[in-house]
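What follows is one structure encoded as structure tokens, with my remarks underneath.
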Amino acid sequence: MSNDLKKLERNPYQYNGEFTLFGNKQGSNNSLEKKLYIESYGCAMNFSDSEIVAAVLSKNGYTTTEKLEDASLILLNTCSIREKAEQTIRKRLEKFNKIKRTNKFLKVGILGCMAERLKSKLIEEEKIVDLVVGPDAYKDLPNLINEVEKGQRAINVLLSKDETYSDITPHRLNTNGINAFISITRGCDNMCTFCVVPFTRGRERSRDPQSIIEELNDLGEKGYKEVTLLGQNVDSYLWYGGGLKKDFNKTSEIKKSTAINFSKLLELCATNQPKIRIRFSTSNPQDMSLNVIRVMNKYENICNHIHLPVQSGSNKILKAMNRQHSREEYVELINKIKDVIPNCSISQDIIVGFPGESEEDHKETLDLMETVKYSFGYMFKYSERPGTVAQRKLMDDVDEPTKKRRLQEIVELQQKHSLTRTKEFLNKEVEVLIEKTSKKSKLYWSGRNKENTVVVFPKENYNVGDFVNVKITDCTSATLLGSAIEYSKNN
Ligand code: 5AD
Ligand code: SF4
Numbered sequence: 003m004s005n006d007l008k009k010l011e012r013n014p015y016q017y018n019g020e021f022t023l024f025g026n027k028q029g030s031n032n033s034l035e036k037k038l039y040i041e042s043y044g045c046a047m048n049f050s051d052s053e054i055v056a057a058v059l060s061k062n063g064y065t066t067t068e069k070l071e072d073a074s075l076i077l078l079n080t081c082s083i084r085e086k087a088e089q090t091i092r093k094r095l096e097k098f099n100k101i102k103r104t105n106k107f108l109k110v111g112i113l114g115c116m117a118e119r120l121k122s123k124l125i126e127e128e129k130i131v132d133l134v135v136g137p138d139a140y141k142d143l144p145n146l147i148n149e150v151e152k153g154q155r156a157i158n159v160l161l162s163k164d165e166t167y168s169d170i171t172p173h174r175l176n177t178n179g180i181n182a183f184i185s186i187t188r189g190c191d192n193m194c195t196f197c198v199v200p201f202t203r204g205r206e207r208s209r210d211p212q213s214i215i216e217e218l219n220d221l222g223e224k225g226y227k228e229v230t231l232l233g234q235n236v237d238s239y240l241w242y243g244g245g246l247k248k249d250f251n252k253t254s255e256i257k258k259s260t261a262i263n264f265s266k267l268l269e270l271c272a273t274n275q276p277k278i279r280i281r282f283s284t285s286n287p288q289d290m291s292l293n294v295i296r297v298m299n300k301y302e303n304i305c306n307h308i309h310l311p312v313q314s315g316s317n318k319i320l321k322a323m324n325r326q327h328s329r330e331e332y333v334e335l336i337n338k339i340k341d342v343i344p345n346c347s348i349s350q351d352i353i354v355g356f357p358g359e360s361e362e363d364h365k366e367t368l369d370l371m372e373t374v375k376y377s378f379g380y381m382f383k384y385s386e387r388p389g390t391v392a393q394r395k396l397m398d399d400v401d402e403p404t405k406k407r408r409l410q411e412i413v414e415l416q417q418k419h420s421l422t423r424t425k426e427f428l429n430k431e432v433e434v435l436i437e438k439t440s441k442k443s444k445l446y447w448s449g450r451n452k453e454n455t456v457v458v459f460p461k462e463n464y465n466v467g468d469f470v471n472v473k474i475t476d477c478t479s480a481t482l483l484g485s486a487i488e489y490s491k492n493n
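Here is the structure:
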């Protein structure tokens with residue numbers, strides 16, 4: 003353990019570095035209204051965590067605001083996954099710096115992965131930052147803010163073995179009242195060699211299923227229509243009374259035999275709220291069981307879509323990435339999925355330019371894409387992250403122009419496949435859950451079908467939250483266009 007961490011363990015609340023302390027030393031800003039402005043970056047988990055943060059702070063008298071100028075506290079929930087994500091945050095802090103000059107009571111905090119990765123360095127490097135809080139320490143926010151209001155700068159980046167925030171009902175932010183996230187696992191044990199997540203979010207642990215169902219039922223009562231179960235690796239979900247996934251083997255036989263895995267949890271969710279659409283993300287090939295696929299097929303309200311990152315089509319690269327599956331195992335899993343649910347859509351994450359990726363390896367990725375014909379995907383250039391195995395042991399040896407070109411090639415191929423997939427819906431009827439007005443036209447609704455493709459159609463007399471059967475008449479690679487036929491039977 004680094005000295006830095008030891009120090010934080012003794013006193014997680016307060017950073018006692020040698021920095022100029024600023025803020026209102028004479029008194030707190032209690033006289034001011036407590037207004038929280040929170041911005042989230044990166045994955046859905048961060049957006050979901052921000053709702054936990056808002057709930058923790060609302061107990062402490064904070065209301066949320068969408069106006070920066072009204073805020074007494076600005077929190078940035080940050081992402082470290084690629085270097086660019088961190089640069090975005092640094093730029094955003096410059097903007098806050100300007101606001102802070104005119105509002106001496108304003109406090110600024112960094113939450114999430116960047117807080118966890120950089121710890122006290124953030125306070126050293128970014129003079130504007132008052133507060134640094136890692137993903138497992140949000141319940142400590144009231145104490146930390148107290149310190150900050152006394153003119154200290156505060157930090158808690160302790161990772162936890164069992165924190166899942168199961169006792170906190172998220173305060174929904176920017177909500178349309180229709181779609182919501184429920185986080186079911188935290189952390190990741192996979193240790194893909196390129197990834198900072200195991201370091202920033204800690205070891206994998208699952209949340210008590212009872213609290214998940216309670217949250218789901220509460221959403222149902224409030225009129226929500228679609229829920230996405232979230233985790234870095236949802237298929238690895240395992241509840242045996244609490245604790246780390248890696249300690250499951252040490253538990254008693256009775257606890258083992260009554261454990262709840264992901265397929266059981268999925269079934270519980272589907273049966274408890276048969277009118278709510280259930281989605282989940284992210285899946286990892288090595289943990290996805292046939293039972294999960296069967297449960298998906300059994301319940302109409304579980305959506306036909308699996309986000310199944312592959313990262314590369316080359317076995318050599320998969321091995322260097324420490325992915326727990328080969329190309330062949332991945333394709334076999336997709337075949338099994340399609341055997342059970344022929345119209346299940348599959349999406350991907352792919353990284354190009356991982357250390358050692360040759361032209362041949364890149365071709366294998368293109369070839370795998372041809373085999374699967376993903377519905378959509380998220381594609382990235384490899385970004386070396388400090389502290390990861392890849393950074394320590396491998397040379398970032400694919401030059402930038404090559405990374406760019408390879409990215410371009412896979413993006414273009416994905417677009418072609420996406421169009422092939424959207425065309426499959428032409429002249430068919432799909433069930434759409436209306437989410438919002440289309441960005442393109444005020445006269446059109448935008449929603450998604452069960453396969454997670456965006457569908458746009460004229461509003462007529464339908465409303466947000468309605469399930470509507472839509473006949474598809476046209477498409478682009480990303481969107482289906484159609485006209486409503488009738489309410490679906492799910493209404
Ligand atoms: N560089 C580029 N992409 C990355 N991802 C994770 N770490 C890195 C990295 N160092 C991508 C993976 C993952 C997605 C969330 O982000 O594809 O699945
Ligand atoms: Fe990172 Fe791999 Fe875990 Fe995903 S599965 S969060 S890529 S370590």
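Heads up, our numbering is the position in the sequence shown plus 2, with the first residue counted as 1.
All C-beta atoms, glycine included, are put in the ideal place defined by N, C-alpha and C.
Strictly by DSSP, which residues pair up with residue i?
{"i": "residue 194", "result": "DSSP lists no partner for residue 194."}
{"i": "residue 105", "result": "DSSP output for residue 105 lists no bridge partner at all."}
{"i": "residue 434", "result": "470"}
Find the nearest neighbour of residue i within the set the options, judged by alpha-carbon distance.
{"i": "residue 264", "options": "475, 167, 211 and 435", "result": "211"}
{"i": "residue 328", "options": "433, 176, 311 and 50", "result": "311"}
{"i": "residue 155", "options": "132, 140 and 167", "result": "132"}
{"i": "residue 87", "options": "244, 110 and 119", "result": "119"}
{"i": "residue 274", "options": "388, 215, 474 and 400", "result": "215"}
{"i": "residue 54", "options": "171, 278, 333 and 314", "result": "171"}
{"i": "residue 389", "options": "44, 83 and 47", "result": "83"}
{"i": "residue 476", "options": "242, 469, 468 and 485", "result": "485"}
{"i": "residue 443", "options": "451, 457 and 109", "result": "457"}
{"i": "residue 437", "options": "447, 428, 294 and 278", "result": "447"}
{"i": "residue 528", "options": "200, 191 and 229", "result": "Nothing can be reported for residue 528, as the shown portion of the chain is limited to 3 through 493."}
{"i": "residue 1", "options": "38, 79 and 208", "result": "In the structure displayed, the chain extends from 3 to 493; residue 1 sits before or after that span and is not available."}
{"i": "residue 434", "options": "451, 400 and 165", "result": "451"}
{"i": "residue 238", "options": "195, 288 and 185", "result": "288"}
{"i": "residue 185", "options": "45, 295, 413 and 250", "result": "45"}
Any heavy atom of ligand 1 closer than 7 Å to the Cβ of residue i?
{"i": "residue 313", "result": "yes"}
{"i": "residue 279", "result": "no"}
{"i": "residue 385", "result": "yes"}
{"i": "residue 351", "result": "yes"}
{"i": "residue 119", "result": "no"}
{"i": "residue 49", "result": "no"}
{"i": "residue 103", "result": "no"}
{"i": "residue 427", "result": "no"}
{"i": "residue 282", "result": "no"}
{"i": "residue 83", "result": "yes"}
{"i": "residue 107", "result": "no"}
{"i": "residue 196", "result": "yes"}
So, helix, strand or coil for residue i, using DSSP?
{"i": "residue 184", "result": "strand"}
{"i": "residue 475", "result": "strand"}
{"i": "residue 489", "result": "strand"}
{"i": "residue 460", "result": "strand"}
{"i": "residue 11", "result": "Legend: pLDDT at residue 11 = 30, less than 50; position of this residue unreliable, no value from coordinates given."}
{"i": "residue 135", "result": "strand"}
{"i": "residue 332", "result": "helix"}
{"i": "residue 264", "result": "helix"}
{"i": "residue 391", "result": "helix"}
{"i": "residue 351", "result": "strand"}
{"i": "residue 42", "result": "strand"}
{"i": "residue 386", "result": "coil"}
{"i": "residue 446", "result": "strand"}
{"i": "residue 55", "result": "helix"}
{"i": "residue 154", "result": "coil"}
{"i": "residue 285", "result": "coil"}
{"i": "residue 27", "result": "In this predicted model, residue 27 has a pLDDT of only 31, less than 50, meaning its place in the structure is not dependable enough to derive any value."}
{"i": "residue 307", "result": "strand"}
{"i": "residue 18", "result": "With a pLDDT of only 32 at residue 18, under the threshold of 50, the placement of this residue in the model should not be trusted, and no figure is reported."}
{"i": "residue 495", "result": "Any property of residue 495 remains undetermined from this structure, which presents the chain solely from 3 to 493."}
{"i": "residue 92", "result": "helix"}
{"i": "residue 114", "result": "strand"}
{"i": "residue 378", "result": "strand"}
{"i": "residue 229", "result": "strand"}
{"i": "residue 126", "result": "helix"}
Answer yes or no: the CB of residue i versus the heavy atoms of ligand 2, is any distance below 7 Å?
{"i": "residue 212", "result": "no"}
{"i": "residue 199", "result": "yes"}
{"i": "residue 234", "result": "yes"}
{"i": "residue 193", "result": "yes"}
{"i": "residue 190", "result": "yes"}
{"i": "residue 303", "result": "no"}
{"i": "residue 219", "result": "no"}
Run the proximity test for residue i: is its beta-carbon closer than 7 Å to any non-hydrogen atom belonging to ligand 3?
{"i": "residue 382", "result": "As far as ligands go, the structure on display features ligand 1 and ligand 2 and does not contain ligand 3."}
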